[in-house]
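For reference, the structure is listed below as structure tokens.
Numbering (the UniProt record's numbering), first residue to last: 1 to 561.
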């Protein structure tokens, strides 16, 4: 049996039901199953179009109890050179004591309506993944023709293969168009195509109910081209049937009257190809990605701005341009609230902290501008901006806690560098994880509390004082804690722009309350003093906190010998 063989199963009238189906077991409740009840039918036969290079199934069911003997005749017919031909006779082995024979009589006439002109195609594999084309055989100088002449009186058939693994992850594209060079002075032309998988389209199925249909006509330039997309095509043989008909269009109404064509053939443009996603892209609101999973390569569109669908063309949940612009402005301009923290840090001589706050503001603004949907601006690669945003945000928390601890200069320099290296490792390991925020913050709080307890022990006083707690630490802690809570537990995809902007605002404003008063700057050259000088304790503005007040000036209070 060849791929063009129709099969006929014949039984003389008896109490049996024969069923046939391609690519699956036949069933009485399956719409793809052909069946005939021989008890109520004079013509106990079925005619099917077999699936090429695949399994075709037949079943015989008796409506009476007990064993039944019957004769089963199978006739096959193949198309060779567009003319019917009967295969050589073959004898099958008996199955379950039933007589099953191939009936092949050279004198019998079996009219085959499926013998159409078959157009061969040549596969061209392209260097891109999931990309290939099927073209007509080359003519002179290895040029592939684009125009195909199809019959106006009968169907034209072509077939092509979709390979497993390498072809099934893309989108099959069929483009059909009426040639623009055709003379349409007498009548218009309509060209219809029917795409089916595994089984040739039936000539009686005019509407292509078992396949995918596309049509082009010459009523207008817009209708001359028709395109069909098949996402993730199945591996195997695909058939494409073509038929051209001429019609006269009535200008007074939309009715179409088909008429005989003056010419025997119609030139059409046919292109069969495969691309990733939808013609290699996903439109304005999507990006095409290719993935490898389980040895398979497949492509898909990642849609943005609420658009969805295979090609990101469904705008049922799309967001408006004003909403998208508002998101960008909120996420970028909210970082300007770091400016007061930068100014205050510089005013209080915290220059390292001021630089970190400035870098955090700039990196966060540029990252969100690059990561925005539709309205985006990328100064450098998004991955670099994302690292800088997460890294500097955590580093800002770290240097703020260290500044609040008021460590000695040597210890503070070491802690700054150790924190910078540790935060960089954590962000590179998992920049979006919760622990990368919690761990540096926890270590910073331990250092802060240790420093405060040490000060309280040495001074025998509560540190910081009540005024600092009420007007600085309490509101600053509330702002920072609320920002961390909404960032970690309340941020979703829908409210991202609002919640994340609030996170920017709370963290930036908390610095104004948490940053301690400025570092004291002492003159390097002390003023000359005499043995009779005295100084008030309240005028001492520069001293080591670990020494009692007035210790640096003890020599001034000593009696003169």
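Just so it is clear, CB atoms sit at the ideal spot from N, CA and C, and this is done for glycine as well.
For residue 265, the enclosing beta strand (DSSP E) has its first and last residue at 265-275. Bridge pairing for residue 297: 292 [DSSP]. Note on the region 389-465: whole alpha helix (DSSP H) runs with a minimum of 4 residues are 409-429, 435-459, in chain order. Beta-bridge annotation (DSSP): residue 57 is paired with 21. The continuous beta strand (DSSP E) containing residue 189 extends over residues 188-197. Around residue 447, the same chain offers 405 as residues with beta carbons nearer than 6 Å, after the five sequence neighbours per side are excluded. Of 242, 177, 204, 129, the smallest CA-CA separation from residue 151 is found for 242. For residue 342, the enclosing alpha helix (DSSP H) has its first and last residue at 338-347. A distance below 8 Å separates the beta carbons of residue 344 and residue 512.
Annotated three-state conformation of residue 246 is strand, per DSSP.
For residue 336, the closest alpha carbon among the candidates 350, 357, 51 is that of 357. In this structure residue 288 does not touch residue 303 by the C-beta definition: roughly 11 Å separates them, more than the 8 Å allowed. The beta carbons of residue 200 and residue 239 sit closer together than 8 Å. With a beta-carbon spacing of about 6 Å, residue 434 and residue 488 fall inside the 8 Å limit used to define contacts. Residues 285, 305, 306, 307 of the same chain have their beta carbon placed closer than 8 Å to that of residue 318, with the five preceding and five following residues left out of the count. Under the three-state reduction of DSSP, residue 513 is assigned to helix.
By the Cβ criterion, the region 422-430 is not in contact with the region 464-482, since fewer than three pairs of Cβ atoms, one from each stretch, lie closer than 8 Å.
When DSSP reads this structure, residue 134 sits in a beta bridge with 123, 272.
Annotated three-state conformation of residue 203 is coil, per DSSP. Residue pairing of residue 16 in beta bridges, as defined by DSSP: 62.
Remark: C-beta atoms of residue 174 and residue 193 approach each other more closely than 8 Å. In the three-state reduction of the DSSP assignment, residue 371 falls in the helix class, which pools H, G and I. For residue 162, the pairing in a beta bridge is given by DSSP as 236. For residue 171, the enclosing beta strand (DSSP E) starts and ends at 171-178. Excluding the 5 residues flanking it on each side, residue 312 has same chain C-beta neighbours closer than 6 Å at 282, 283, 285, 286, 301, 303, in chain order.
One thing to note: residue 226 has its Cβ within 8 Å of the Cβ of residue 216. By a beta-carbon distance limit of 8 Å, residue 292 does not contact residue 148. Their separation comes to about 36 Å.
A Cβ-Cβ distance of about 6 Å is found for the pair residue 165 and residue 296, placing them in contact under the 8 Å criterion.
Measuring C-alpha to C-alpha distances from residue 119 to each of 136, 52, 131, 299 identifies 136 as the nearest. The beta-bridge partner set that DSSP reports for residue 230 consists of 172. In the DSSP assignment, residue 314 is bridged to 308. DSSP, reduced to helix, strand and coil, places residue 319 outside both helices and strands of the structure shown, so it counts as coil. The residues 147, 267, 268, 269, in chain order, have a CB closer than 7 Å to that of residue 179 in the same chain once the five nearest residues on each side in sequence are set aside. One Cα belongs to residue 340, the other to residue 168, and the distance between them is close to 57 Å. Separation of the CB atoms of residue 397 and residue 441 is rounded to 6 Å, and the pair is thereby assigned contact status at 8 Å. In the three-state DSSP reduction, residue 279 falls in the coil class, being neither helix nor strand.
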